[in-house]
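I have placed the structure first, in the form of structure tokens, so that the comments after it can refer back to it.
Protein chains: 2
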Amino acid sequence: MASATSEPHQPDAEGDLNGAPAPAKTIKFTSETYPEIKRNSKFAKLSQEHMQYFQELLGSGSAVLDGLSKDASEDIEPYNSDWMRKYRGHAKLVLKPGSTEEVSKILKYCNDNMLAVVPQGGNTGLVGGSVPVFDEIVINLQRMDKIRSFDEVSGILVADAGVILEVADNFLAEKKHIFPLDLGAKGSCQIGGNVATNAGGLRLLRYGSLHGNVLGIEAVLPDGTVVDDLLTLRKNNTGYDLKHLFIGGEGTIGIITGISILCPQRSAAVNVAYFGLESYEHAQKAFRAAKNQLSEILSAFEMMDGRTQKLLRTGAGKKLPLEGDHPFYCLIETSGSNTDHDSEKLQNFLEHVMEAEIVSDGVLAQDQTQIADLWSCREGVPEILGHWGGVYKYDLSLPIADLYDIVNDVRDRLTNAGLVGDDDSHPCIDVVGYGHMGDANLHLNIPVRRYDKEVEKQLEPFVYEWVQKKSGSISAEHGLGIAKKPYIGYSRSDTMIKLMRQIKDLYDPKGIMNPYKYI
Amino acid sequence: MASATSEPHQPDAEGDLNGAPAPAKTIKFTSETYPEIKRNSKFAKLSQEHMQYFQELLGSGSAVLDGLSKDASEDIEPYNSDWMRKYRGHAKLVLKPGSTEEVSKILKYCNDNMLAVVPQGGNTGLVGGSVPVFDEIVINLQRMDKIRSFDEVSGILVADAGVILEVADNFLAEKKHIFPLDLGAKGSCQIGGNVATNAGGLRLLRYGSLHGNVLGIEAVLPDGTVVDDLLTLRKNNTGYDLKHLFIGGEGTIGIITGISILCPQRSAAVNVAYFGLESYEHAQKAFRAAKNQLSEILSAFEMMDGRTQKLLRTGAGKKLPLEGDHPFYCLIETSGSNTDHDSEKLQNFLEHVMEAEIVSDGVLAQDQTQIADLWSCREGVPEILGHWGGVYKYDLSLPIADLYDIVNDVRDRLTNAGLVGDDDSHPCIDVVGYGHMGDANLHLNIPVRRYDKEVEKQLEPFVYEWVQKKSGSISAEHGLGIAKKPYIGYSRSDTMIKLMRQIKDLYDPKGIMNPYKYI
Chain A
1 MASATSEPHQ PDAEGDLNGA PAPAKTIKFT SETYPEIKRN SKFAKLSQEH
51 MQYFQELLGS GSAVLDGLSK DASEDIEPYN SDWMRKYRGH AKLVLKPGST
101 EEVSKILKYC NDNMLAVVPQ GGNTGLVGGS VPVFDEIVIN LQRMDKIRSF
151 DEVSGILVAD AGVILEVADN FLAEKKHIFP LDLGAKGSCQ IGGNVATNAG
201 GLRLLRYGSL HGNVLGIEAV LPDGTVVDDL LTLRKNNTGY DLKHLFIGGE
251 GTIGIITGIS ILCPQRSAAV NVAYFGLESY EHAQKAFRAA KNQLSEILSA
301 FEMMDGRTQK LLRTGAGKKL PLEGDHPFYC LIETSGSNTD HDSEKLQNFL
351 EHVMEAEIVS DGVLAQDQTQ IADLWSCREG VPEILGHWGG VYKYDLSLPI
401 ADLYDIVNDV RDRLTNAGLV GDDDSHPCID VVGYGHMGDA NLHLNIPVRR
451 YDKEVEKQLE PFVYEWVQKK SGSISAEHGL GIAKKPYIGY SRSDTMIKLM
501 RQIKDLYDPK GIMNPYKYI
Chain B
520 MASATSEPHQ PDAEGDLNGA PAPAKTIKFT SETYPEIKRN SKFAKLSQEH
570 MQYFQELLGS GSAVLDGLSK DASEDIEPYN SDWMRKYRGH AKLVLKPGST
620 EEVSKILKYC NDNMLAVVPQ GGNTGLVGGS VPVFDEIVIN LQRMDKIRSF
670 DEVSGILVAD AGVILEVADN FLAEKKHIFP LDLGAKGSCQ IGGNVATNAG
720 GLRLLRYGSL HGNVLGIEAV LPDGTVVDDL LTLRKNNTGY DLKHLFIGGE
770 GTIGIITGIS ILCPQRSAAV NVAYFGLESY EHAQKAFRAA KNQLSEILSA
820 FEMMDGRTQK LLRTGAGKKL PLEGDHPFYC LIETSGSNTD HDSEKLQNFL
870 EHVMEAEIVS DGVLAQDQTQ IADLWSCREG VPEILGHWGG VYKYDLSLPI
920 ADLYDIVNDV RDRLTNAGLV GDDDSHPCID VVGYGHMGDA NLHLNIPVRR
970 YDKEVEKQLE PFVYEWVQKK SGSISAEHGL GIAKKPYIGY SRSDTMIKLM
1020 RQIKDLYDPK GIMNPYKYI
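Line by line, the protein sequences are chains A and B.
Read in the working numbering, the first sequence has 266 at position 266, and its numbers run on one by one without any break.
Read in the working numbering, the second sequence has 941 at position 422, and its numbers run on one by one without any break.
See the structure below:
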């Protein structure tokens, strides 16, 4: 089931975490939302003896939050629940190790004593992967926050897993480099969590995935073994490259404690343009032209359908940069080392796509204010979609040629079922699509006036089956966690799932790592 | 031990496979060169029954080369020995499946009957990984040579493993794209083999490693299971990313039968410059300046020490592009979408590094002929180093700051031992270094007049221990095969090796895949 959010102005999943924290309210326990998930009785319950071990190991009180004592019970809540307030666990203990050795000792003890654990970084995930379901011990990496080294010649950064992404990027900015990943949650998320969830974000089109950029990891296995694979080499062909199992492994086979990563040079020039187009076919042509003419300086190619832009105007009262209505819009960003060259390339590209009638209209930002204004036409979309009451969200990878077809098909389906309309008798406002077109990553969104079982019945399994037919992915960048775990079969074959379970059993034979989630 | 080659004009390992095939001569059997490696008696010997099964399965005679019959005995030799003529096996059977299903049936039968196999692509490897040691059955992928699909919008190519790299690249050239990997052996090597050995090559600095570019693989496990992970998605976070185990797995856990790969747009403009520099420190500064000013258009940064260039002049009579002798030289290539912009950037960069006295002298190629001439100062190096009789070669990854120190240390060591000199009484001509500086990949080479035990004693384990101290790699891009298998401990910890063996045992519990090699 997709998430139906009832909060207006819900911050979004895809690099747009810009909402203010919502007022405190009681969050439903995950164990109540998913009554079919039962606590596995093989896991031990936390005892005073366990507590004592951890207190002695970690020393200061700051390392152990004792939910067993009444005084501390409030403090543990931020570790038990996620920022979307969708998931909430019953953990009574949060451990904050300060070193890889401490992580190793914690995990070995938990493994020996059958204590289930949940690794936690910045807890900014979207699929409930970083909070407990029952009484799993939370192992939070926030105290491991040191940058270990940076080589200015090679651009290779080595850092603790608990370093906050924005801290890492600010550090790199001083060295004229950037972290090859950008996310809306960058002020809170940790780089270890980014790697553990193989975060995608805004720079993937240009800099590629973490599988390409992460050069080494240090991780701890459930039995306390330290995987010392923290190499800082771009080339190293000496055996199986095991680090990739931990990249996107969502903390189910070990805890990442450190990473080394290749960081590109920071671009001196950034330009942004925004176009209106006649059709999705035209958007594909524009993408092809951008790849061809902007080539090495293209750093983002975002697509928004006309419906999203119209909702921005009608719902948020935003003045759009272009006159009139266009069925599709694209936002292009370039990043390069020479302002004049980049502007000229973008101008040439604009002239070409206008003359060839690939785009109907377009505008090029002249300054930072205009850049921000154009970006807001993309970044404001997720926020406005929650404006009427709620929104069903799907984060899909699809072949680029078919990317928008699913939006039309879902809209037809809901319309034919009489569920979409302008007045209050229809639950759905519209069915819209936008996303990282350059990465073939579509956000299919259905803004609704209210939560409605009939809408859900029309959406699922229809959407997942549609994605499956096109060999797409039901989770492009958010991972599986607890939210997508039941649906992996729509994107992976039984053979692949079986092979994945082999890996899980190999590294975590007792199953203590982040149980009830992933595969 | 490093390879001591006695052939002059030995084509090189690192993207410079430009020598003509050598005249036929008897190649020593690997089993004789390495008498300590014994055939594992657990493997069955090939019987008439086995032969009959394969003949019935694959149908035509072209699919089975029967080394058991005298007539065909000559035909099997190219599959038994490598192009360097260093390794030679005793295989009596070569199978050339035409489909993934046939590969599956072959492997299942071999696994059920304890028949050892060696997967083979273009057989252009440098570490003896693609030829048998004893009587392993060669499974050659050459008949699986179809391009399955190409999406011109996303640039994603799906192809059989047996497609020759140059064929794939020529196909992509027509579509204005390139394969994100380039190698001297491209006319022979197969893309499946490239992926299986995680080939590095000339474009890594710009396009990154295959771990970043390969989006999916299809592979067959020893038990016949087809790993159907041939997705064409840039983003897909649905479980462990198992394909990475096969990338660089050197055919030890399965046979790759197909790949999908992200291919960049082909660059319209290519420029090449060549500099003389005072020191390695200056080369590092030049690299930093190139990253900074050339940034997104930088596609190669190669370093050659002055000794290599001097040997080119004295040994090959080459007229060097710059007057005088410089301790170091760099070659820079840019690839971009706009000729004027790129030329201007390179010109500005040149002026900067000249004015700041980072480089002592430099030249910018004005046409294709000059581009080729400048490249020959880099590409001619490996050839000339074999000119006097032989060459000891090491392919190392090291932290970029320490990259050249090992060359000085080894030269001092051999000089102090009285082994380097101008006259025939000294075995060594010189100790030189060059390589892909942008990837921190050094080729340490010792051109010699003759093979000499004393030189080897000075070189090993000195070189490997030196690399180990710097947390470098003893095999940057060539892999392990049989040649580097004994030395993996210098680059990987016991823990990592143990974890790698777990993977091997998991996927290939009977050990039939490419035995005697890798880890």
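Beta carbons: idealized from backbone N, C-alpha and C, even for Gly.
Next item on the list: Give the secondary structure of residue 570/B by DSSP, where H, G and I count as helix, E and B as strand, and everything else as coil.
Entry: In the three-state reduction of the DSSP assignment, residue 570/B falls in the helix class.
Checklist line | Backbone CA spacing between residue 697/B and residue 106/A [nearest angstrom] | finding: Rounded to the nearest whole angstrom, the C-alpha separation of residue 697/B and residue 106/A is 49 angstroms.
Checklist line | Secondary structure of residue 140/A, DSSP reduced to three states | finding: For residue 140/A, the three-state secondary structure derived from DSSP is strand.
Check: Identify the residues that DSSP records as bridge partners of residue 963/B: which are they?
Finding: 913/B, 952/B
Item checked: Test: residue 1019/B CB closer than 8 angstroms to a CB of chain A -> yes
Check: Just how far apart, CA to CA, sit residue 548/B and residue 205/A?
Finding: Rounded to whole angstroms, residue 548/B to residue 205/A spans 49 angstroms at the Cα level.
Checklist line | Span of the alpha helix (DSSP H) around residue 725/B | finding: 723-726
Next item on the list: Spell out whether any CB of chain B is found under 8 angstroms from the CB atom of residue 368/A.
Entry: no
Notebook entry, point to check: Of all the CB atoms in chain A, is at least one closer than 8 angstroms to the CB of residue 912/B?
Noted result: no
Next item on the list: Thinking residue 550/B and residue 652/B are a contact (beta carbons under 8 angstroms), I'd like their distance in whole angstroms, please.
Entry: 6 angstroms
Item checked: With 16 other Cβ atoms within 10 Å as the buried cut-off, status of residue 367/A -> Classification of residue 367/A: exposed, given that the 10 Å Cβ count is below 16.
Margin query: Can you list, in chain order, the residues of its chain with a C-beta nearer than 6 angstroms to that of residue 10/A? Leave out the 5 residues immediately preceding and following it.
Written below: With a pLDDT of 32 at residue 10/A, under the threshold of 50, the modelled position of that residue is not reliable, and the figure given next carries that caveat. Closer than 6 angstroms at the Cβ level, and outside the excluded window around residue 10/A, lie 386.
Next item on the list: Could you have a look at residue 853/B and say whether DSSP puts it in helix, strand or coil?
Entry: The answer is strand: DSSP assigns residue 853/B an E or B state.
Check: Could one say the Cβ of residue 920/B lies closer than 8 angstroms to chain C's Cβ atoms, at least one of them?
Finding: Of the protein chains in this structure, namely A and B, none is chain C.
Note to self: Beta-carbon within less than 6 angstroms of residue 780/B's beta-carbon, same chain only, minus the 5 sequence neighbours each way: which residues are those?
What the structure shows: Cβ contact annotation for residue 780/B (same chain, cutoff 6 angstroms, sequence separation greater than five): 676, 732, 733, in chain order.
Item checked: Minimum length 4: unbroken alpha helix (DSSP H) runs contained in the stretch 962-1020 of chain B -> 972-978, 981-988
Checklist line | N- and C-terminal bounds of the beta strand (DSSP E) containing residue 776/B | finding: Start and end: 774-781.
Check: In angstroms, rounded to a whole number, what distance separates the CA positions of residue 237/A and residue 692/B?
Finding: 29 angstroms
Check: Which chain A residues are close to residue 994/B, counting only those with a beta carbon under 8 angstroms from its beta carbon?
Finding: 236, 237, 238
Next item on the list: Can you say whether residue 273/A is buried or exposed, counting buried as having 16 or more other CB atoms within 10 angstroms of its CB?
Entry: buried
Notebook entry, point to check: Helix, strand or coil for residue 22/A per DSSP?
Noted result: Residue placement at residue 22/A is poorly supported in this model, since its pLDDT is 39, which falls under 50; the coordinates still yield a value, given next. The answer is coil: DSSP assigns residue 22/A none of H, G, I, E or B.
Check: Would residue 226/A count as contacting chain B if we go by Cβ distances under 8 angstroms?
Finding: yes
Note to self: Would residue 773/B and residue 1000/B qualify as a contact pair, given that the criterion is a beta-carbon distance under 8 angstroms?
What the structure shows: No, the pair does not count as a contact, with Cβ atoms beyond the cut-off.
Margin query: If you follow the beta strand (DSSP E) that residue 881/B is in, where does it begin and where does it stop?
Written below: Residue 881/B -> beta strand (DSSP E) spans 880-883.
Note to self: Please confirm whether residue 542/B has its beta-carbon closer than 8 angstroms to some beta-carbon of chain A.
What the structure shows: Any reading at residue 542/B is ruled out, since the residue's pLDDT is 40, under 50, leaving its predicted position unreliable.
Next item on the list: Please work out which residues of its chain come closer than 8 angstroms, Cβ to Cβ, to residue 81/A, disregarding the five sequence neighbours upstream and downstream, and give them in chain order.
Entry: 27, 87, 88, 89, 131
Notebook entry, point to check: Using a C-beta cutoff of 8 angstroms, does residue 151/A count as contacting chain B?
Noted result: yes
Checklist line | Cβ neighbour criterion (16 or more within 10 Å) applied to residue 447/A | finding: buried
Notebook entry, point to check: Can you name the start and end residues of the alpha helix (DSSP H) that residue 925/B belongs to?
Noted result: 924-935
Notebook entry, point to check: What's the C-alpha gap between residue 810/B and residue 861/B?
Noted result: 14 angstroms
Margin query: For residue 1038/B and residue 639/B, I'd like the C-alpha separation in whole angstroms.
Written below: 18 angstroms
Next item on the list: Could you tell me which of 143/A, 426/A, 358/A sits nearest to residue 330/A, measuring between CA atoms?
Entry: 358/A
Check: Taking residue 75/A as the reference, which of 95/A, 84/A, 58/A, 59/A has the closest Cα?
Finding: For the set 95/A, 84/A, 58/A, 59/A, the Cα lying nearest the Cα of residue 75/A is the one of 95/A.
Checklist line | Residue span of the alpha helix (DSSP H) that contains residue 354/A, given as start and end | finding: 339-355
Check: With 8 angstroms set as the bound, which would you pick, yes or no: does the beta-carbon of residue 160/A sit closer than that to a beta-carbon of chain B?
Finding: So, not an interface residue.
Item checked: Chain-order list of residues whose beta-carbon lies under 6 angstroms from that of residue 834/B (same chain, five-residue window excluded) -> 903, 906
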